[in-house]
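S.K.: One structure, pasted below without further comment.
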Amino acid sequence: MKTIVHMLRHGEVHNPEGILYGRLPGFRLADNGRDQAERVAGALDDHDITHVFASPLQRAQETAAPISASHGLKTETIDNLIEAGNQFEGLRVAVGDGALSQPRHWPKLRNPFTPSWGEPYINIAHRMLASANEARDAARGHEAVCVSHQLPVYTLRRFLEGRRLWHDPRIRQCSLASLTSLVYDDDELVDIVYSEPAGASDPRLTGA
3 MKTIVHMLRH
13 GEVHNPEGIL
23 YGRLPGFRLA
33 DNGRDQAERV
43 AGALDDHDIT
53 HVFASPLQRA
63 QETAAPISAS
73 HGLKTETIDN
83 LIEAGNQFEG
93 LRVAVGDGAL
103 SQPRHWPKLR
113 NPFTPSWGEP
123 YINIAHRMLA
133 SANEARDAAR
143 GHEAVCVSHQ
153 LPVYTLRRFL
163 EGRRLWHDPR
173 IRQCSLASLT
183 SLVYDDDELV
193 DIVYSEPAGA
203 SDPRLTGA
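According to the numbering used here, the residues represented by the sequence shown are 3 to 210, in order.
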């Protein structure tokens with residue numbers, strides 16, 4: 003029995019101050035982000051989607067909305083799809099300015115392999131795997147969409163591919179509104195397919 007779980011990163015966020023918004027409430031999609039969500043919904047319009055799940059954060063819920071609408075579904079919230087926890091939340095973290103230039107924040111950077119400034123990679127991988135399994139079980143023989151965030155989606159992919167979880171954020175293959183599709187034969191993961199129905203974006207410049 004073939005089942006596909008599409009892990010979808012949300013669209014572009016309205017963030018004029020350029021802060022790391024993390025799990026903070028109130029960060030909605032930008033106009034371009036809404037367009038991206040519509041493009042993904044169009045790309046999935048002829049797919050056999052039976053469930054749409056999303057992180058509780060506003061940007062993920064807004065990205066899920068057009069997909070749910072096009073398939074006559076209600077978006078279901080899975081808390082485990084939420085953004086990674088981060089001690090720099092609410093601050094500017096661009097290289098050369100902001101929080102990273104202030105010595106009082108440097109102890110948070112002591113171990114990039116965990117990482118020391120936020121939720122451990124292994125914890126992210128395990129909760130995202132639980133979310134994928136929940137979606138697979140709900141949509142057996144069909145397809146499901148899970149709307150989440152860049153780091154959680156990319157961490158899950160690295161975990162499933164057997165790669166080390168720490169990595170350079172600049173090389174993440176997880177553009178805004180991209181799909182990392184997990185293909186299952188019964189319970190066995192047999193393929194991971196990455197696609198960008200809304201186009202590519204630079205992970206260093208487009209938020210989480």
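Glycine included, every Cβ here is placed at the ideal spot set by N, Cα and C.
A quick note: this is a predicted structure, and the numbers were derived from the prediction, not measured.
Going residue by residue through the segment 5-62, where are the continuous beta strand (DSSP E) segments of at least 3 residues, counting only ones entirely within it?
M.R.: The segment 5-62 contains these whole beta strand (DSSP E) runs: 51-56.
S.K.: When burial is assigned at 16 or more other CB atoms within 10 Å of the CB, is residue 181 buried or exposed?
M.R.: Answer is buried; the Cβ neighbour count reaches 16.
S.K.: Does the beta-carbon of residue 150 have 16 or more other beta-carbons within 10 angstroms, so that it is buried, or is it exposed?
M.R.: Counting Cβ neighbours within 10 Å, residue 150 comes out buried, since at least 16 surround it.
S.K.: Cβ atoms of residue 86 and residue 126: under 9 angstroms apart, would you say?
M.R.: For residue 126 and residue 86, yes; Cβs fall inside 9 angstroms.
S.K.: Let me check understanding here. Comparing Cα to Cα, which of 8, 11, 28, 7 lies closest to residue 17?
M.R.: Checked all of 8, 11, 28, 7; the closest Cα to residue 17 is 28.
S.K.: Give me the Cβ distance between residue 39 and residue 202, rounded to the nearest whole Å; I'm assuming they're in contact under 8 angstroms.
M.R.: In fact, because the Cβ distance is near 16 angstroms, the residues do not count as touching under 8 angstroms.
S.K.: Would you call residue 166 buried or exposed, if buried means 16 or more other Cβ atoms sit within 10 Å of its Cβ?
M.R.: When all chains shown are included, residue 166 counts as exposed.
S.K.: Three-state secondary structure (DSSP) at residue 133?
M.R.: Residue 133 falls in the helix class under three-state DSSP.
S.K.: Closer than 6 angstroms by C-beta to residue 68: which residues in its own chain qualify, once you throw out the five before and the five after it? Chain order, please.
M.R.: Answer for residue 68: 39, 40, 43, listed in chain order.
S.K.: Quick one: is residue 113 buried, meaning 16 or more other Cβ sit within 10 Å of its Cβ, or exposed?
M.R.: With fewer than 16 Cβ atoms within 10 Å of its Cβ, residue 113 is classed as exposed.
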